[in-house]
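The sequence shown begins at -9 in my numbering and counts up one residue at a time.
Read the structure below first, then the notes.
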Amino acid sequence: MKVLKFGGSSISSAKNIERVLKIIENYNSKLIVFFSAIGDTTDGLIQCGKLASSRNNDYKKTFNSILKNHLDICSTLFDFENQSEILSHVQKKFNDLDDILDGIYNLKEFSPKTYENISGFGELLSYYIIGKLAQYKGFDVLIKDSREILTTKLIKLGSNQIDYELTQRKWNEFYEKVKNNLIFMPGFIARDNFGNNVTLGRGGSDFSASILASVANAEKLEIWTDVSGIFTANPKIVKQSQPIDFLSYKEAMELSHFGAKVLYPPTVKPVMNKNIPISIKNTFDSDSKGTLISSNFNSKTIVKGITHIEDIALLTIEGSGMIGIPGFSKKLF
């Protein structure tokens, strides 16, 4: 079994969604596939909430733009005889969202709980649309809401720890009854152990896939994005940068933590603990090698890659008078 995740840019249009299904169709193994929200949806949803809470009616323009994009994609993907069910489902979901935004507007409050509900809305749409399309095309696919499996321990809204023990138990109970070769799930979202909807941080779809790969003891985790792996430097800035063929788990964590945006930093640990390799692949160049992250390689390269973080200042203070003095940082800052 392999676990795949496709990011928002990979499913940003009807054409791209068709491309993704062709990639999935080429696999011979059982797959669990996670989907991010359709490109730019999450940012738009959060913007809607912020505008509504400040009584700015422009939120309706953003809302209508997101709605139109989803309806247009559905109309392109589905034959006329199959459109009714899909469009009805999507419209109902947006009606529910509209009600929530009306509440935010009237209360002038965009609470953390409402933020969690709204920001994860896009994934619930994308996985349903793509899952239904796959079913109509004859794929042996089961559409499963990942919130019924991925469970967190609530620390505070917006800050959750994965409850691996409960997640493992829920997965085992679910999977023993599954006969399908394909399972499609929404990324980014989960529920805490009180049943509240939560999100796993920006880029959390990678994390969702990593958690499931861990509890399912997957053969490999594949992150499909719009670049051919992790590069030696940001290719948008350094034109001569090249994709890195192999990285260790530690190297991948450091690069992602310090600015390499291809991989969400918490993604590495769950699969590293099970020694499950991660492959970073390009949806738009599926034959490219990409980057393989694992523990099974030897490298003599001293410097693997260079990353940068913007708008950060590093302050270094040295002096013999600091040595052994407790509370120095507290007094200074």
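Virtual Cβ for every residue (Gly too), placed ideally from N, Cα, C.
Since the structure is predicted, the reported quantities are computational estimates derived from the model, not experimental observations.
Simplified DSSP state of residue i, which is helix, strand or coil
| i | result |
| --- | --- |
| Leu190 | coil |
| Arg9 | helix |
| Glu138 | helix |
| Glu212 | strand |
| Pro176 | strand |
| Ile108 | helix |
| Arg45 | coil |
| Val217 | coil |
| Leu305 | coil |
| Pro260 | helix |
| Leu123 | helix |
| Gln37 | helix |
| Asn150 | strand |
| Val205 | helix |
| Lys51 | helix |
| Pro233 | strand |
| Lys58 | helix |
| Leu253 | coil |
| Asp182 | strand |
| Lys226 | coil |
| Lys320 | helix |
| Lys103 | helix |
Contact set for residue i: own chain, Cβ-Cβ below 8 Å, skip 5 residues either direction
| i | result |
| --- | --- |
| Leu322 | Ile307 |
| Val23 | Val(-7), Leu(-6), Lys(-5), Phe(-4), Ile14, Leu172, Ile173, Phe174, Met175 |
| Leu132 | Val168, Asn170, Leu172, Ile173, Phe174 |
| Ala124 | Leu11, Ile14, Val131, Leu172, Phe174 |
| Leu21 | Met(-9), Lys(-8), Val(-7), Leu(-6), Ile14, Asn171, Leu172, Ile173 |
Residue nearest to residue i in terms of C-alpha spacing, selected from the options
| i | options | result |
| --- | --- | --- |
| Gly34 | Leu87, Val(-7), Tyr126, Ile7 | Leu87 |
| Gln230 | Gln81, Phe274, Ala208, Ile296 | Ile296 |
| Ser101 | Ser284, Val188, Pro267 | Val188 |
| Gly198 | Asp92, Leu144, Ser136 | Reading the sequence as shown, one finds Ser at residue 198 and not Gly. Of the listed residues, the one whose Cα sits closest to Ser198 is Ser136. |
| Ser284 | Gln232, Met262, Thr157 | Met262 |
| Ile302 | Phe248, Ile7, Leu61 | Phe248 |
| Ser19 | Gly309, Gly185, Asn171 | Asn171 |
| Ser200 | Phe25, Lys83, Arg9, Lys103 | Phe25 |
| Glu155 | Val168, Ala180, Tyr165, Leu140 | Leu140 |
| Ala180 | Ile227, Thr157, Thr66 | Thr157 |
| Ile270 | Lys50, Pro260, Lys251 | Lys251 |
| Pro260 | Tyr239, Phe274, Ser276, Lys98 | Tyr239 |
| Asn6 | Arg192, Ser276, Pro255, Asn85 | Ser276 |
| Tyr17 | Lys226, Glu71, Phe129 | Phe129 |
| Asn59 | Asp235, Asn162, Ile1, Asp69 | Ile1 |
| Asp89 | Gly39, Glu300, Phe70, Glu75 | Gly39 |
| Arg45 | Ile76, Leu67, Leu77, Lys98 | Lys98 |
| Glu300 | Met243, Pro256, Ile227, Lys320 | Ile227 |
Integer Cβ distance of residue i from residue j, believed to fall under 8 Å
| i | j | result |
| --- | --- | --- |
| Glu138 | Ala27 | Glu138 to Ala27, Cβ: 19 Å. No contact. |
| Ser43 | Ile108 | Not confirmed; about 11 Å, so no contact. |
| Ser3 | Ile63 | 7 Å |
| Leu(-6) | Trp214 | 6 Å |
| Met175 | Lys134 | 5 Å |
| Lys82 | Leu115 | Their Cβ separation, rounded to whole angstroms, is 11 Å, which puts Lys82 and Leu115 out of contact at 8 Å. |
| Leu61 | Tyr49 | Not confirmed; about 18 Å, so no contact. |
| Ile220 | Leu202 | Rounded, the Cβ-Cβ distance is 22 Å, inconsistent with contact. |
| Asp235 | Leu282 | 7 Å |
| Asn272 | Ser278 | 5 Å |
Delimiting residues of the alpha helix (DSSP H) encompassing residue i
| i | result |
| --- | --- |
| Ser78 | 70 to 97 |
| Lys160 | 154 to 165 |
| Leu245 | 239 to 247 |
Segment limits, beta strand (DSSP E) that includes residue i
| i | result |
| --- | --- |
| Ser269 | 268 to 272 |
| Leu132 | 131 to 133 |
| Lys20 | Looking at the DSSP string, Lys20 is not in any beta strand (DSSP E), and its letter there is neither H nor E. |
| Leu282 | 281 to 283 |
| Lys(-5) | -8 to -4 |
Residues near residue i in its chain [Cβ-Cβ closer than 7 Å; skip 5 each side]
| i | result |
| --- | --- |
| Gln37 | Thr52 |
| Asn150 | Thr142, Lys143, Leu144, Asp182, Val188 |
| Ala208 | Met(-9), Lys(-8), Val(-7), Ile266 |
| Phe178 | Ser26, Gly110, Glu113, Thr189, Leu190, Gly194, Ser195, Ser198 |
| Ser264 | Inspection of the sequence shows that residue 264 is occupied by Lys rather than by Ser. Contacts found: Ser204, Asn207. |
| Lys122 | Ile76 |
beta-carbon residue i near the ligand SAH non-hydrogen atom, thresh 7 Å
| i | result |
| --- | --- |
| Leu237 | By its list of ligands, the structure shown contains no ligand whatsoever, and the ligand SAH lies outside what it can speak to. |
Contact set for residue i: own chain, Cβ-Cβ below 6 Å, skip 5 residues either direction
| i | result |
| --- | --- |
| Ser(-1) | Gly29, Asp216 |
| Ala223 | Ser231, Ile296 |
| Pro255 | Ser246, His247 |
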